[in-house]
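So the structure is just underneath, and the comments pick up after that.
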Amino acid sequence: MTGSRALGVLVLGFTLSAAAEAASSGFVLRDDLQRDVVLPRDPQRIITLVPSLTEIVCALGACGRLVATDEFSNWPAQVKVLPKAGGFEDPQIEQIVSLKPNLVLLSRSQRITERLSEFGVVSFALNTESYADIGHTVRAVGLVLGLSDRAAQLDAAIEQAVLKIGEEARAKHRGDGPTVYIEVDRGPYAAGPASFIGELLARLGARNIVTANLGPFPRLNPEYVVNHNPDVIFISPAEATSLAERPGWETIRAVKEHRLCSFAPEVRDTIVRPGPRVAEGMRAMADCLARAAP
Amino acid sequence: MSVLRPAVSIFGTGRSDAEMPHRLGTWVTCCLAITLLLTCGSLIIGTSSVETSLGWLLSPDAQSSVVLWQIRLPRTVGAWFAGALLGLSGAIAQGVFRNPLAEPYLLGTASGAALGVTLSLIAADASIGALAWTGKLGITGAACVGACAAIALTIGLSRGVLQTASLLLSGIVVAFLLGAVTSLLLLTKPDLWREMQVFLLGSTGFVSWSSATLLAAAFFVCAVPAVLLARGLDALTLGEETAQSLGLSLPMLRLTLLGVVSLGTATAVGQVGIVGFVGLVAPHLVRETLSVNHRQLLIGAALCGGALLQAADLLCRWIVRPAELPVGAVTAFVGGSYLTYLLWRRSRDG
Chain A
57 MTGSRALGVL
67 VLGFTLSAAA
77 EAASSGFVLR
87 DDLQRDVVLP
97 RDPQRIITLV
107 PSLTEIVCAL
117 GACGRLVATD
127 EFSNWPAQVK
137 VLPKAGGFED
147 PQIEQIVSLK
157 PNLVLLSRSQ
167 RITERLSEFG
177 VVSFALNTES
187 YADIGHTVRA
197 VGLVLGLSDR
207 AAQLDAAIEQ
217 AVLKIGEEAR
227 AKHRGDGPTV
237 YIEVDRGPYA
247 AGPASFIGEL
257 LARLGARNIV
267 TANLGPFPRL
277 NPEYVVNHNP
287 DVIFISPAEA
297 TSLAERPGWE
307 TIRAVKEHRL
317 CSFAPEVRDT
327 IVRPGPRVAE
337 GMRAMADCLA
347 RAAP
Chain B
4 MSVLRPAVSI
14 FGTGRSDAEM
24 PHRLGTWVTC
34 CLAITLLLTC
44 GSLIIGTSSV
54 ETSLGWLLSP
64 DAQSSVVLWQ
74 IRLPRTVGAW
84 FAGALLGLSG
94 AIAQGVFRNP
104 LAEPYLLGTA
114 SGAALGVTLS
124 LIAADASIGA
134 LAWTGKLGIT
144 GAACVGACAA
154 IALTIGLSRG
164 VLQTASLLLS
174 GIVVAFLLGA
184 VTSLLLLTKP
194 DLWREMQVFL
204 LGSTGFVSWS
214 SATLLAAAFF
224 VCAVPAVLLA
234 RGLDALTLGE
244 ETAQSLGLSL
254 PMLRLTLLGV
264 VSLGTATAVG
274 QVGIVGFVGL
284 VAPHLVRETL
294 SVNHRQLLIG
304 AALCGGALLQ
314 AADLLCRWIV
324 RPAELPVGAV
334 TAFVGGSYLT
344 YLLWRRSRDG
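Sequence order for the protein chains is A and B. Just remember that my numbering sits 56 ahead of the position in the first sequence, which is counted from 1. Just remember that my numbering sits 3 ahead of the position in the second sequence, which is counted from 1.
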């Protein structure tokens, strides 16, 4: 996170200097789409369109400012009752505009910023995919909400917790650490080292059987998994029961010895969302590895 | 003996009978030889290098035996039978509907199977009880049930199988309707998109010996009545009235042949997902290279479909190894390219 954070701070620092030139009602900040956005000071009507951004806003103690979220935001409990403004791919422009937000926080991959600006809605896009994005996004959201100090504390707390869990987990491993196959979907689609969950796995000192050159979520030839014979398999509860039925998979050590890690949906959310609860997700992964790894 | 040419090709009438007398034997031999070659190739192409695979073949250990005989061989055998079922079903569908654009999914099977799988995945996601239930049924079972339900709906909507236009229209309506329901359901569960994509673009990755055996059994159950009724398809080429005047029972003929198409397609889709183009292209490939009657076309389309899917399976695991491409995307690319070539050739020849 360090390199990326330093870069983020540099960019934020640069753009903050431009704030002096901004209109008296707001300030200018460059978002991750490289747009110089004129932001309102102390925004009170915020819509978030990604669960991790919702969680960051709430972790900064600004949950009360949210007027709507995307339909998959489900933490903390109080956001469940808020109006839902569509999903990741299909945000509801009409719903968003009718709620008259003074700020929409969204992912860089959501292509609705131009449409929102046509309606005079201010949007701020952020990277929300990797582990490094967490620190950067927490600080950026803190700046946008006027909660920079709290954001710095939250970022430091996340970083500290993650480091601690990683160190503890690595201390428990024998040798080079267990080899792990993470299946994100039957296909089989795997999570590679470049994916968020892959980054967490690496921090826990475990070795992903998928190599980085295959990309974040490659679709593997199933025999690749059999050939690599992982010590532990991370898999959905639905698929865990039928792994041995896949041709040749009954010979894999993790399947033979039932060294499987499956997570309930609420735990899975913490593992796949690059948000403030990343340490919880890592803890769940570390606990399972400690239990399942040989 | 005169030859009744099956469903007219959209790419012209193929070659004359005089140009290719008695080439069927050579053609079948070639097809079988290609299949044998592809089967051997499938044993040495995988995530390991060709040299390593050859080493495994020469001196196998426990691990390599599993990869060779429990993963690679059933996969390629299953792909052949699935392709053969699709080729056979495509040829029958083109004969029954007397339409060269007819394909096995015309009765809504693909959309029905996709809906079945979507419902099964959503149910598995929703509750533990449903998970146990869907676990028993499996994605394969759900696809089969969905495909059969779609066929029943299509036939019900068209009030039987006698009216070709009505049946075609019902098939299209059912396909759109079930496709829309699937899309709406998936919108509520975006997590399932990737898993559904595997099914929608086809996959031979998890074909086991039991899947291959099931596909083989379905193939023989479909091929025998289809070949026996091939003369009926020849008669149908002359028109429904002529066929009836020759003493054919059209309702029985159509019902049986559409039953064969349904069983073949549902089994193939259940085991390998929705693999496009094989059912459409295989009969055209036979017609373009041979002058055949329906019995020969059915056998040829099955052999050709089998080899096509086998080749596509080999390509999809070789191009980006150790990752792999969806087999349906490869068949669509190869099939589409071939049809484009035929169209180009037709326009060139005027």
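We treat Cβ as the ideally placed atom computed from N, Cα and C, and that holds for glycine.
Query, Result
"Helix, strand or coil for Val292/A per DSSP?", "The question names Val, but residue 292/A is Ser in the sequence shown. It is coil, neither helix nor strand."
"Taking the beta carbon of Met255/B as the centre, do at least 16 other beta carbons fall within 10 Å, making it buried, or is it exposed?", "exposed"
"Considering just the uninterrupted stretch of the beta strand (DSSP E) at Phe83/A, what are its terminal residues?", "82-86"
"Are the Cβ atoms of Thr112/B and Ala150/B separated by less than 7 angstroms?", "yes"
"What are the boundary residues of the beta strand (DSSP E) that Pro107/A is part of?", "Per DSSP, Pro107/A belongs to no beta strand (DSSP E); it is in the alpha helix (DSSP H), 107-115."
"Taking C-beta to C-beta, are Pro147/A and Val123/A nearer than 7 angstroms?", "no"
"Could you work out which residue in Ala250/A, Glu185/A, Arg86/A is closest to Val106/A when comparing CA atoms only?", "Glu185/A"
"Mind checking if Leu276/A is an interface residue toward chain B, Cβ cutoff 7 angstroms exclusive?", "yes"
"If you drop the 5 nearest sequence neighbours on each side, which residues of the same chain put their C-beta closer than 6 angstroms to that of Val65/A?", "Per-residue confidence for Val65/A stands at a pLDDT of 45, beneath the threshold of 50, marking its modelled position as unreliable; the derived number appears in the next sentence. Result list for Val65/A: empty, nothing under 6 angstroms."
"Give the secondary structure of Gly93/B by DSSP, where H, G and I count as helix, E and B as strand, and everything else as coil.", "helix"
"For the 8 angstroms Cβ check, are there 3 or more pairs between the segment 208-226 of chain B and the segment 282-290 of chain B?", "no"
"If you compare alpha carbons, which of Ala346/A, Ala349/A, Arg339/A is closest to Lys220/A?", "Arg339/A"
"For a test of the three-state rule: what should DSSP assign to Phe175/A, helix, strand or coil?", "coil"
"Determine the DSSP secondary structure at Thr184/A, reduced to helix, strand or coil.", "coil"
"Take Glu224/A and list the residues in its own chain whose beta-carbon comes closer than 8 angstroms to its own, dropping the five residues that flank it on each side.", "Ala342"
"With distance defined between alpha-carbon atoms, name the residue in Leu316/A, Ile102/A, Asp325/A nearest to Ala296/A.", "Leu316/A"
"Following the continuous alpha helix (DSSP H) through Thr334/B, name the residue where it begins and the one where it ends.", "330-352"
"Just the Cα atoms here: how many angstroms apart are Gly93/B and Gly339/B?", "16 angstroms"
"Kindly give me the distance between the Cβ atoms of Arg257/B and Leu165/B, rounded to whole angstroms, as I take these residues to be in contact under 8 angstroms.", "7 angstroms"
"Which class does Glu224/A belong to by DSSP, given the choice of helix, strand or coil?", "helix"
"How should Glu279/A be labelled, buried or exposed, when 16 other C-beta atoms within 10 angstroms of its C-beta is the threshold for buried?", "buried"
"Answer with buried or exposed for Pro321/A, where buried requires no fewer than 16 other C-beta atoms within 10 angstroms of its C-beta.", "exposed"
"Could you pull the DSSP bridge partners for Gly142/A from this structure?", "Pro147/A"
"Tell me the residue span of the beta strand (DSSP E) that contains Tyr237/A.", "235-241"
"Can you give me the C-alpha to C-alpha distance between Val323/B and Pro272/A, rounded to a whole angstrom?", "15 angstroms"
"Could you tell me the boundaries of the beta strand (DSSP E) in which Asp92/A lies?", "92-96"
"Pick out the complete beta strand (DSSP E) segments inside the segment 198-284 of chain B, 3 residues or longer, and give them in chain order.", "none"
"His192/A: buried (16+ other C-beta within 10 angstroms of its C-beta) or exposed?", "buried"
"What number of angstroms, rounded off, separates the C-alpha of Pro350/A from the C-alpha of Lys228/A?", "11 angstroms"
"What are the start and end residues of each continuous alpha helix (DSSP H) run of 4 or more residues lying completely inside the segment 287-330 of chain B, in chain order?", "297-321"
"To the nearest angstrom, how far is it from the Cα of Leu357/B to the Cα of Ala221/B?", "Chain B is shown only over 4 to 353; residue 357/B falls outside these bounds and no answer can be derived."
"Taking any Cβ of chain A, which residues in the segment 35-54 of chain B have a Cβ under 9 angstroms from it, in chain order?", "Gly49, Thr50, Ser51"
"Could you please give me the residues that DSSP links to Leu316/A through a beta bridge?", "Ile289/A"
"Would Ile74/B pass as an interface residue toward chain A - the criterion being a Cβ-Cβ separation below 7 angstroms?", "yes"
"Give the DSSP bridge partners of Ser52/B, in chain order.", "According to DSSP, Ser52/B bridges with nothing at all."
"Ser211/B versus chain A: which residues are under 8 angstroms apart at the beta carbon?", "Glu301, Arg302, Pro303"
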